[in-house]
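> Structure in C-alpha cells, see below.
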Amino acid sequence: MSYRENYVNFDPMGNLTFILQNRIKEKEPRRGSILSYKSYVKDRGDPQIYMRVSSKLIMKASPVFKTMLKYTFLEGATLKKFGKVSVPLPDDDPVPFAVLMNIIHGRSRWQHVPRQVDLLFLTRLAMLVEKYMLREACENFIADWFEGIRLDIPQSFTPDLIHWLCISWVFRRPDEFNHVTRILERESNGLDLDTYSRDLKADLPIPQRVIEEISRRREQAIKRSFEVLERNIDMLQSGSPRCTSTRHEPHRFTCDAILLGSLLESSSKLGVWPPPEPPYLEVTFKNLIVDMNQLNLSSYCTKMGFTNQSSSSHGMKTEIGSALSKVRNRLSGLNLRDFD
C-alpha cells in the first residue's frame, strides 16, 4: 500500500488510529510498499496518513503510549468510553513510524521491515525510538541495520558524526559510541558540538551530558597540551640546567638560553604560544598536536658541534612529543555504560 492511499491497516481489529502528516511524495509514479522510503521526498502539502493499530500491542511496546492511553489522560479516557480513539501525531515522520508499527505488530508483518537502511533513515528511526522508548521492540533488527552501514562509519570528523552519535546512543552500541566520541574529542573545534542535524532539520535525541563530557575532555586535553609547553618554558627560564655539557657553566647557560629562544620562536611561529583562553574555540586537539610536533628546537651545543647526540635539543623535543602522546592516549572516547 502506498502513501497515496492515505490509510494503512496494521491490525484489522485495531482500536487505535494514529494520524500523521504526510511529508512525502513519490519522485516518479511506481508501485511500491509503504516502506519503500528511498523513493520519497518531503512535501508537506500532502494529506494526512491514517494508521490503524492495536492499542494493546502499542501499549505493550511503548511505555510512552502506555501512559498516554491510560484512562487518566484524554486519549485513554476516550478509548475506554468509546472502545476506539484517534491520536494525532503531526510532528512524527510517517515513513519510519510505519516501520516501527510493522515491528510492533509481530512476525507476520516483519517481512515489511527493511533489513538495510541508510544512515539518515536509521537516524530518523532513532528519533522515534527514543521518543517512544521502543529500543527493546527493535532488538531483532538493530544488528542488521548497523551491519548494513558498518563500512560507512567515519574515520575523521565529518557532518555525519552527529548522526552516528545519535544512533549509537539510542540503539546502545558501545563500540560505535566509543569510536565516534573519540573522533569528536580529538577533532572538534568547540563550535561544532551541536545536536542539530542540518540534513534532517531537527534536533537529535543526544543527551546534553554526553555533549558536555565530550567538550570537557576536549578542553582538558588542549589545556594539558599547552601545559606541556609551559613546563618546558618555565624550566628553561628558571635556570634549571638542561644542557649537560661538561664545559664551563657559562656555556651551559648560553646553551639553555638558545634552546629557550628556539622554543619560544618556533612555538610562536606555529601559533601554539602563547595559548588562547579556554574553551579554546576553533582549536582542535588533533591539529594542535600536529603543530606542536613540528617545533624546531636547537641548542648551542648542536650549533657549535659540541655534542654527538642525535637530538638537537638535549632530548627536549622527544620529551615534549612523548608527553603529548600521553595526553592523546587519554582521549580514548566515552564508554556508553558510564551514562547508564
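Numbering (my numbering) for the sequence shown: 957 to 1296.
The C-beta atom is built at its ideal place from N, Cα and C for all residues, glycine as well.
So, is F925 buried or exposed, given that buried needs 16 or more other C-beta atoms within 10 angstroms?
Here the chain has residues from 957 to 1296 only, and residue 925 is not among them.
> By DSSP, does R1000 sit in helix, in strand, or in coil?
Low per-residue confidence applies at R1000: pLDDT is 47, beneath 50, and the placement is therefore not dependable, though the value from the model is reported in the following sentence. Here DSSP, grouped into helix, strand and coil, assigns R1000 to coil.
> Just the C-alpha distance for G1289 and K1157, rounded to the nearest angstrom, thanks.
27 angstroms
> Going by C-alpha to C-alpha distance, which of K1242, V1085, V1126 and K1273 sits closest to N1145?
K1242
> Apart from the five residues on each side of it in sequence, which residues of its chain come closer than 6 angstroms, Cβ to Cβ, to L1060?
The question names Leu, but residue 1060 is Ile in the sequence shown. Contacts found: L1013, A1017 and A1093.
> From M1191 to N1249, what does the alpha carbon distance come to, in whole angstroms?
19 angstroms
> Within the chosen definition, does the stretch 1025–1033 reach the stretch 1058–1074 through at least 3 CB pairs nearer than 8 angstroms?
No: the two stretches stay apart, fewer than three of their Cβ pairs being nearer than 8 angstroms.
> Given R960, which residues of its chain have a CB within under 7 angstroms of its CB, disregarding the five upstream and five downstream residues?
With a pLDDT of only 47 at R960, under the threshold of 50, the placement of this residue in the model should not be trusted; the figure read from the coordinates follows. Same-chain partners within the cutoff: there are none.
> Which one or two residues does DSSP pair with Q977 in a beta bridge?
Beta-bridge partners of Q977 (DSSP): Q1004.
> Here's a check: name, in chain order, each residue in its chain whose Cβ is nearer than 8 angstroms to the Cβ of I1214, leaving out the five neighbours to either side.
S1254, S1255, Y1256 and K1259
> Pop quiz: N971 and Q1004 are said to be a contact at Cβ under 8 angstroms. What is the actual Cβ separation, rounded to whole angstroms?
Actually they do not touch by this definition, with Cβ atoms about 19 angstroms apart.
> Thinking just about the alpha-carbon of each residue, which of L1078, A1279, L1292 and S1011 is nearest to the one in I1105?
L1078
> Between which residues of its own chain and K1022 is the CB-CB distance below 7 angstroms, once the five residues before and five after are set aside?
M1015
> Using a Cβ distance threshold of 8 angstroms, determine whether the stretch 1095–1104 contacts the stretch 1133–1142, with at least three qualifying pairs required.
no
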